[in-house]
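Per UniProt numbering, the very first residue in the sequence shown carries number 1; after that it's consecutive. Ideal Cβ placement from N, Cα and C applies to all residues, glycine included. Treat the numbers as computed from the prediction; the structure is a model and nothing was measured. Just below is one structure, and these are the notes that go with it.
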Amino acid sequence: MARLRRGLEHLERRYAFYAAYHSNPANVLVHAVCVWPILLTAMLPLRYAPPLPLLRFYCPLCRQYLPVQLGFPVAVALGAYYALMDRRAGAAAAALCVAGWAAGTLLADAAGLWTFRDAWRPLLTAQAVLWSAQFFSHAFFEKRRPALVDGPVQAVVTAPLFVFIEVIGRVRSSWSPCGDGDRQVFDLMRVRLLRVFAGAA
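Have a look at this one:
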């Protein structure tokens, strides 16, 4: 129980940092749209790295064993970090992270982006548009600099998890990321959600 509470306090501190920079409803919406595409398009170039030696997995759709690209262990590691931060929301976000990596790989193949030379322009364009939207949103709606300036690693790494939690919390008002009944973190999020979306109504 003590370990769980320490984990919740850790999650709460990180969420409080994130929430301090995202209180305007329009800015929250912009981040809900942009954060996950930023993460997934940032991981996509890793598929063009040389495959990891001696590692293969069976693809039922292809009916053959395929080499493991660098993007897969990165997606798994990030997902594991989310799961360690929170058992329910983090595990679901971890699954979304790995599924998003796989979907991005398939979409890149379908679009004919077979090499990094083919992919770097559309990926760079996507990153530029998505980041510009977020910076503009912070300047126009929040009237303050983004969290990226004060905590770049924390803002980039943990933002997808908190956006995921906020979207799920908005869609399902009775949902709690804390599966054992300790609602400390969820109550903090719920108060903020009610304040933010009441302003949007």
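Review point. Quick check: the region 19-28 against the region 79-96, are there 3 or more CB pairs under 8 Å?
Key: No contact exists between the region 19-28 and the region 79-96.
>> By alpha-carbon positions, which one of Gly169, Pro160, Glu166 ends up nearest to Tyr81?
In response: In the sequence shown, the residue the question calls residue 81 occupies position 81. The shortest Cα separation from Tyr81 among Gly169, Pro160, Glu166 belongs to Pro160.
With respect to the alpha helix (DSSP H) encompassing Tyr81, which residues constitute its N-terminal and C-terminal limits?
-> If you number the sequence shown from 1, residue 81 lands on position 81. Segment 71-85, the alpha helix (DSSP H) holding Tyr81.
Could you tell me the alpha carbon to alpha carbon distance between Arg117 and Tyr48, rounded to whole angstroms? Within the sequence shown, residue 117 is the residue found at index 117, counting from 1. Within the sequence shown, residue 48 is the residue found at index 48, counting from 1. Going from the Cα of Arg117 to the Cα of Tyr48 covers about 9 Å.
**Prompt:** Do you know offhand how far Gln127's Cα is from Val33's?
**Reply:** The count along the sequence shown starts at 1 and reaches residue 127 at position 127. The count along the sequence shown starts at 1 and reaches residue 33 at position 33. Put simply, the backbone Cα of Gln127 is about 13 Å away from that of Val33.
With 16 other Cβ atoms within 10 Å as the buried cut-off, status of Phe136
Counting from 1 along the sequence shown, the entry for residue 136 is found at position 136. Exposed.
Between Ala91 and the rest of its own chain, which residues show a CB-CB distance below 6 Å, the 5 nearest in sequence each way excluded?
Sequence index remark: in the sequence shown, residue 91 carries index 91 (1-based). Closer than 6 Å at the Cβ level, and outside the excluded window around Ala91, lie Ala83.
* Asked: DSSP three-state call for Asp180: helix, strand or coil?
  -> Locating residue 180 in the sequence shown gives position 180, where the first residue counts as 1. In this prediction, Asp180 has a pLDDT of 44, which is less than 50 and means its spatial position is unreliable; what the coordinates show is noted afterwards. Three-state result, Asp180: coil.
message: In this structure, how does DSSP classify residue 213 when only helix, strand and coil are distinguished?
response: Outside the displayed span of the chain (1 to 201) sits residue 213, for which this structure offers no information.
message: Looking at the secondary structure, which residues open and close the alpha helix (DSSP H) in which His31 lies?
response: Position 31 of the sequence shown, counted from the first residue, corresponds to residue 31. 25-43 is the extent of the alpha helix (DSSP H) around His31.
Just how far apart, CA to CA, sit Arg88 and Ala110?
As a working note, residue 88 is residue 88 in the sequence shown. As a working note, residue 110 is residue 110 in the sequence shown. Using only the alpha carbons, I get a separation of about 33 Å.
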